[in-house]
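**Student:** Going by the numbering used here, the first residue of the sequence shown is number 0, and it counts up by one from there.
Pasting a structure below so you can have a look.
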Amino acid sequence: AAAACGFQIPTGVQGFQYIYIPCSHKMQHKEVCNHLCHLGVDTSRILDISFPACSVLGLLVHDQFASNIHELLEKVQVKILDNFDPMSPEHLADPKFETCTDSELANHAHMIYLQHCCCALVHMKYTLVSPVLCSFVSFGWMQPEDYEEFFKQQPARPHLHDCDYPDNGFQRDLDDYDMDHEALSVSFSESPSL
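Right under this line is the structure:
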């Protein structure tokens, strides 16, 4: 029965979201995962860990797993920051922004978070990039062309199946990039969530 799950039509909520919680200090990803494991959170379901503002931690998860994390965190009295806006200019703490206008601050905040979203996508499995990108676009954080432009500037990554063959692990050429972009564009344009 378990093997057949992969061949069923998806049901329930489909999408991804960040869950924002307070943190006392900036931690290494391994430290965050260790703390979450102690709380009973299945860290294999967390796709990205970010620090979008001072004393704030973001966890990217599938929508269907979000309620489980909410329940676990509320049980140990960890406050969930439901109204947190990762693109708010108020999170800009660098002194170089002190002389900027409100519109300039908003633009800087947007570009900084856009870069984070792109970095998160680049480090995900290829099979997750398109659906997570759809969620990011639906939030108004980025557009598909933002990721495509960012992706072109990144170093080559191995094929998923190359991980089983160390000798081939880091061999890719430009044709592979073209194929990835074509697949991404098709899957994104056909996505029913947009």
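All C-beta atoms, glycine included, are put in the ideal place defined by N, C-alpha and C.
Am I right that Leu59 and Ala119 are in contact with their C-beta atoms under 8 Å? What's the rounded C-beta distance?
**Tutor:** Leu59 to Ala119, Cβ: 7 Å. Contact.
**Student:** Between Pro85 and the rest of its own chain, which residues show a CB-CB distance below 6 Å, the 5 nearest in sequence each way excluded?
**Tutor:** Here the set comprises Pro51, Tyr112.
**Student:** Taking Cys36 as the reference, which of Leu72, Leu56, Gln76, Lys124 has the closest Cα?
**Tutor:** The candidate whose alpha carbon is nearest that of Cys36 is Leu72.
**Student:** What did DSSP end up calling Asp47 once you bin it into helix, strand or coil?
**Tutor:** In this structure, Asp47 counts as strand in the three-state DSSP scheme.
**Student:** How long is the line joining the alpha carbons of Phe135 and Met141, rounded to whole angstroms?
**Tutor:** Looking at the two C-alpha atoms, the distance is approximately 6 Å.
**Student:** Which residues in the same chain as Arg44 place their Cβ atom closer than 6 Å to its Cβ, once the five residues preceding and following it in sequence are excluded?
**Tutor:** Excluding residues within five positions, the ones whose Cβ falls inside 6 Å are Val60, Phe64.
**Student:** Given a cut-off of 9 Å, decide if Leu80 and Val40 are closer than it, judged by their beta-carbon atoms.
**Tutor:** Not in contact: Val40 and Leu80 (Cβ atoms no closer than 9 Å).
**Student:** In whole angstroms, what separates the C-alpha of Lys25 from that of Phe138?
**Tutor:** So the two alpha carbons sit approximately 25 Å from each other.
**Student:** Can you tell me where the beta strand (DSSP E) with His37 in it begins and where it stops?
**Tutor:** From DSSP, His37 is part of no beta strand (DSSP E) but of the alpha helix (DSSP H) over 28–37.
**Student:** Count the other CB atoms within 10 Å of the CB of Cys53; is the residue buried (16 or more) or exposed (fewer)?
**Tutor:** Cys53 is exposed by the Cβ-count criterion.
**Student:** When you compare each of Ile48, Pro21, Tyr19, Tyr17 to Cys32 by their alpha carbons, which one comes out closest?
**Tutor:** Nearest of Ile48, Pro21, Tyr19, Tyr17 to Cys32, Cα basis: Ile48.
**Student:** Return helix, strand or coil for Ala52, following the three-state DSSP convention.
**Tutor:** Correct three-state label for Ala52: strand.
**Student:** Kindly indicate which three-state DSSP category Ile20 falls into: helix, strand or coil?
**Tutor:** Reduced to three states, the DSSP call for Ile20 is strand.
**Student:** Pull up the distance between the alpha-carbon of Asp163 and that of Gln27, whole angstroms please.
**Tutor:** At Asp163, the pLDDT of 39 sits below 50, so the modelled position is not reliable and the matter cannot be decided from this model.
**Student:** Is it buried or exposed for Ser23, if we count other Cβ within 10 angstroms and need 16 for buried?
**Tutor:** Answer is exposed; the Cβ neighbour count stays below 16.
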